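Novice: This is the structure I have questions about; it appears just below.
Residue numbers (this note's numbering): 8 to 247.
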């Protein structure tokens, strides 16, 4: 689709390129809508499963996920309404309920914690549900670590592996709260057909997938300098 459309965004009438999502339209105008399962990078399609980017569209009963909702001519959209803000905050709070505490996080500089800060959410009031049926630590790979107690089932690692790098090593097993990413036929990562490209590590928003060398013996670390260090961290990496 070509051409432009007009819509109202947070009280301002704007003109945007047709075919863009509401998230893209807002992002292009400096508005920061939280996002976790969406990675605005080449090759990544939006998925809309985390619901952290919800906005309000006038005339619609439910909130919409801005990363997958296409902007249409005449739309009236509120990214800052009380309803949308409460919904996004609650999504982040629910996700934090299952995370290690920030001072013990696998990645204290993760995108998840950035989004929590952006929403003003520092902790969760909700009870933690233990994941009794999934393997929490996989340290079988020479260059990467898998800590699934930080996984939010966003699917970014699957899309990174299947659709961006087209290696098709990572899939999802289990259901609901006990779903988790697996490698090949639930093999340890180090014994799978993983080619160590590092795309899944860069895509992960929580620190569930991390370079081995930035984690200590307690599996705690910080990715603040990861982007500039990835080549030295992973000698096999063709992505960094």
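For each residue, glycine too, the CB sits at the ideal point set by N, CA and C. Note that this is a predicted model, so its numbers are computed, not measured.
Provide the residue span of the beta strand (DSSP E) that contains residue 29, from first to last.
Specialist: Not the beta strand (DSSP E): residue 29 falls in the alpha helix (DSSP H), residues 29-34.
Novice: Grouping DSSP H, G and I as helix and E and B as strand, with all else coil, what is residue 228?
Specialist: The answer is strand: DSSP assigns residue 228 an E or B state.
Novice: Within 10 angstroms of the Cβ of residue 82, are there 16 or more other Cβ atoms? Answer buried if so, exposed if not.
Specialist: Residue 82 is buried by the Cβ-count criterion.
Novice: Under 8 Å: do the stretch 66-78 and the stretch 34-53 share three or more Cβ pairs, one atom per stretch?
Specialist: As far as the Cβ criterion goes, the stretch 66-78 touches the stretch 34-53, which means the pair count is three or higher.
Novice: Within 10 Å of its beta-carbon, does residue 225 have 16 or more other beta-carbons around it, so buried, or fewer, so exposed?
Specialist: Label assigned to residue 225: exposed.
Novice: Just to confirm my understanding: we take residue 230, look at its own chain, exclude 5 residues before and 5 after, and list those with CB closer than 6 Å. What are they?
Specialist: Hits under 6 Å: 114 and 116.
Novice: State the start and end residues of the unbroken beta strand (DSSP E) segment that holds residue 220.
Specialist: First-last for residue 220: undefined, no H or E at that position.
Novice: Where do the N-terminal and C-terminal ends of the beta strand (DSSP E) with residue 62 fall, by residue?
Specialist: Residue 62 -> beta strand (DSSP E) spans 61-64.
Novice: By how many angstroms is the C-alpha of residue 208 removed from the C-alpha of residue 193?
Specialist: Going from the Cα of residue 193 to the Cα of residue 208 covers about 18 Å.
Novice: Going straight from the alpha carbon of residue 148 to that of residue 213, what length do you get?
Specialist: So the two alpha carbons sit approximately 19 Å from each other.
Novice: How about residue 60 and residue 163: are their beta carbons less than 8 Å apart?
Specialist: Taking 8 Å as the Cβ cut-off, residue 60 and residue 163 do not qualify as a contacting pair.
Novice: Any chance the stretch 149-160 sits against the stretch 23-39, with 3 or more Cβ pairs inside 8 Å?
Specialist: With a cut-off of 8 Å, the stretch 23-39 and the stretch 149-160 do not count as touching, because too few Cβ pairs lie within range.
Novice: Could you spell out where the alpha helix (DSSP H) holding residue 91 opens and where it closes?
Specialist: 89-104 is the extent of the alpha helix (DSSP H) around residue 91.
Novice: Considering only residues of the stretch 129-181, which uninterrupted alpha helix (DSSP H) runs meet the minimum length of 4 residues and lie entirely inside it, listed in chain order?
Specialist: 163-166, all fully within the stretch 129-181.
Novice: Could you check how far apart the C-beta atoms of residue 24 and residue 13 are, in whole angstroms? I think they sit under 8 Å.
Specialist: Actually they do not touch by this definition, with Cβ atoms about 11 Å apart.
Novice: Whose C-beta lies closer than 7 Å to the C-beta of residue 141 among residues of the same chain, with five residues either side of it excluded?
Specialist: Excluding residues within five positions, the ones whose Cβ falls inside 7 Å are 155, 181, 185 and 187.
Novice: Starting from residue 202, follow the beta strand (DSSP E) in both directions and report where the run begins and ends.
Specialist: Where residue 202 is concerned, there is no enclosing beta strand (DSSP E), given that its DSSP letter is neither H nor E.
Novice: Hey, residue 100 and residue 128 are a contact pair by Cβ (cut 8 Å); roughly how many whole angstroms apart?
Specialist: Contact flag correct, Cβ pair sits at about 5 Å.
Novice: Take the Cβ of residue 86 as the centre, count every other Cβ of all protein chains shown within 10 Å, and call the residue buried at 16 or more, exposed below.
Specialist: Result: buried.
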